[in-house]
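As structure tokens, the structure follows; a few thoughts come after it.
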Amino acid sequence: MPRAALMMACVGDISGQVRGKGFPVAHLARRVARGIGWTPTNIQITCFDTIAPSPYGSFGDVVLWPDPASELRVVLPGRASAEHVVLGDITELDGAPWTCCLRSLLRRTLERLTERTGLQLRAAFEHELTMKGEAAAGPAFSLTGFRAAQPFAEMLLGALDQAGITADSFLREYGRRQYEVTLEPCDALRAADQAMLLRELTRAVAALHGQSVTFSPLVDPAGVGNGVHIHMSLWDAEGRPATHDPGGRHGLSGVAGAFVAGILAHMPALVALTAPSVVSYARLTPHRWSAAFNNLAVQDREAGVRICPVSERDEAGRTRQFNFEYRAADAAANPHLALAALVAAGLQGIDDRLPTPEATVEDLSLLDVATLHRRGLRRLPASLDEALRELAADRTLQGWLPPGLVDIYVAHKRAEIEHIGGRTLEEICAAYAEVY
Ligand code: GLU
Ligand code: MG
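Here the sequence shown stands for residues 20 to 455, where the numbers follow this note's numbering.
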């Protein structure tokens, strides 16, 4: 009997999960033209599959519009069906933007950046992950460790290649059974799409190797975390790099310095969106090489924002390679929402003509609060609860988001906190490792 091939139209939601509906591949054109029905309250499904209080209840309908530009079709060896996914934006039935469509929020925020500055953002997501189970994974950065994952990694990079996603590198990271995969920079909306698709493809490929992976921010309370570092660079309308100025402070152009300053100014609230789980805050602690302060540093792996090294030999190449990374993100975050918030904060910094921040050079955990304050630095929130309070207090940040979204978001995250309440850190790590 012939099978009817199916594909899925998906969205990333507040919980950072990818959810959607399947339909016959043959209907794609029709689905692009008339959309797919979606349920508003789905946005309140938490990462633990409970439903947080929803203003929509059982009412209403919205439409998910598949975006053919995001279509991914990958044939994995040993699988009868292709991995076939298309991402989409959600609108009201009459086509008006929907409050909780995070992908169109990113799209609109990027358009705002370009309208106001003439600049475009390129981004690259760098993901760390942990192989579950107890099979040997060799020492950190070792060939043994690399070899242990090589069949998986080669299939994953092949799958990415088929999907038109270019990997930059794959390595055996420092943490126990930890690996890292980095993608090459591309236009920011696509980069966020790719971050979502990478996680799904990684899971699919691992399963074919009898393995299971987790991107959860912290798997072992005593270990290092799994970060998602978001690399960013600005480009002008002619495709010329606009991030680097050899004469600028720390090599940043004025506009890139203001963009970074905007991010740092709002970082205590931004983390509620970029590191949005209870376990995220066990990762964002000093000496885990993640990020614990709203500081800029040059090549320091404990910075909130780090100016990354460049290795090209000639000046033009160095200018093209020049980028900074935001380190306080993780895979519990929706990549579209996280990036939209970063871009909005960066644009605010440009609008406010903020000066390029001074880079820190010391261990900030040794400084007292008064000294940090004098230098415009703050310890990032120590819990999701604290981060949500920062979010609720940051009126500027709220102004960048559609009216109503913050209330829905906070209700969602409060339900997640309640669900996980009363557990030990070990139990919390275990619970999140099951869902991310
Ligand atoms: N594992 C660290 C984190 O949680 C990052 C280590 C590194 O690649 O610099 O962000
Ligand atoms: Mg790493």
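For glycine and all other residues, C-beta sits at the position ideal for the given N, C-alpha and C.
None of these values were measured; they are calculated from a predicted model.
Nearest CA to the CA of V362: which residue from L403, P158, D212, F278?
F278
Check the DSSP bridge columns for A352 and list the partner residues they point to.
DSSP, once it has assigned bridges, lists no residue as partnering A352.
Alpha-carbon spacing of R126 relative to D255, whole angstroms:
17 Å
Proximity to A24 [Cα-Cα], best of A45, P305, N313, V37:
A45
Would the beta-carbon of M286 fall within 8 Å of that of A360?
no
Leaving aside the five residues before and after L271 along the sequence, list all residues of the same chain whose C-beta is less than 6 Å from its C-beta, in chain order.
T375
For my contact list, V81 and I109 are in at a C-beta cut-off of 8 Å; report their separation, rounded to the angstrom.
5 Å
Spatial neighbours of A430 in its chain, beta-carbon cut-off 6 Å, leaving aside the 5 residues before and after:
A71, P72
Ligand 1: which residues have Cβ under 5 Å from any of its heavy atoms, chain order?
V243, G244, G246, W308, S309, R320
Alpha-carbon spacing of T338 relative to A280, whole angstroms
20 Å
E199 CB to nearest heavy atom of ligand 2 below 7 Å:
yes
Environment of T379 [buried if 16+ CB atoms lie within 10 Å]:
buried
Closest residue to D239 among K151, R259, A159 (Cα-Cα distance)
K151
CB contact flag (R141, S252, <8 Å)
yes
Measuring only from the beta carbon, is E344 closer than 7 Å to any heavy atom that is part of ligand 2?
no
Taking Cβ positions, are G246 and S309 nearer each other than 8 Å?
yes
At the level of alpha carbons, what is the spacing between R394 and L292?
25 Å
Alpha carbon to alpha carbon, how far is D387 from F312?
13 Å
Output the residue ranges of the beta strand (DSSP E) runs that lie fully inside the stretch 59 to 105 and measure 3 residues or longer, sorted by chain position.
81 to 85, 91 to 93
From A275, E435, V329, E381, pick the residue whose C-alpha is nearest to that of L138; which is it?
A275
Is any non-hydrogen atom of ligand 2 found closer than 7 Å to the C-beta of E331, if you look at the structure I gave you?
no
L208 to R442, Cα distance in whole Å?
37 Å
If you draw a straight line from the C-alpha of P422 to the C-alpha of M27, how long is it?
29 Å
In terms of alpha-carbon separation, which member of Y198, P74, D212, S34 lies closest to P87?
D212
Applying the 10 Å Cβ sphere with the 16-neighbour rule, what's the burial state of L396?
buried
DSSP three-state call for R131: helix, strand or coil?
helix
Could I get the ranges of all uninterrupted beta strand (DSSP E) runs contained in the stretch 133 to 169, with 3 residues as the minimum, in chain order?
139 to 150
If I follow the unbroken alpha helix (DSSP H) through P287, where does it start and stop?
273 to 293
Of all the options Y451, G336, Y75, which has the alpha carbon lying nearest to the alpha carbon of A261?
G336
Distance between beta carbons of I62 and I427, contact taken as under 8 Å
7 Å
Going by CA-CA distance only, name the one from V425, S402, A401, R398 that's closest to L410.
V425
DSSP beta-bridge partners for K40?
A28
Does the count of Cβ pairs from the stretch 314 to 328 and the stretch 219 to 233 closer than 8 Å reach three?
no
Looking only at its chain, what residues have a beta carbon closer than 7 Å to the beta carbon of L358, apart from the 5 residues adjacent to it on each side?
L125, A142, A207, A211, I249
Beta-carbon spacing of A99, V93 below 8 Å:
no
Any heavy atom of ligand 2 closer than 7 Å to the beta-carbon of E147?
yes
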